[in-house]
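For reference, the structure discussed in these notes is given below.
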Amino acid sequence: MREFTRQVNALRKELKLTIKDKVNLVVQVPDQLKSAIEKQLAEVKRAVIAESIEFSDQAQEHKIELNEIKISITLKK
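First residue of the sequence shown: 4, per our numbering; consecutive thereafter.
Following this line, the structure appears as structure tokens:
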């Protein structure tokens, strides 16, 4: 989870979001990673300063890769 939150926070920085900006995070991930995120949902939300995390089957705006696992995410302010 640490690498996932690091990459989401790097994207927040790239989008010029501050720590005052709570976001809604939409994520398209494989099932094994989805269940890992769900198990630590409160911690992930806190770490990426998100009001909510929504899982989607559709590709999202930004692409990241975690240990060769392709993930797409959208941050909505």
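For glycine and all other residues, C-beta sits at the position ideal for the given N, C-alpha and C.
Item                                                                            : Value
For T8 and A50, believed in contact at Cβ under 8 Å, the rounded distance       : 4 Å
Pick from A53, S38 and Q31 that is closest to K79, judged by C-alpha positions  : A53
Beta-carbon gap between I72 and Q63 smaller than 8 Å                            : no
Nearest candidate by alpha-carbon position, reference N27, set L18, N12 and S55 : S55
C-beta contact flag for Q31 and Q61 at 8 Å                                      : yes
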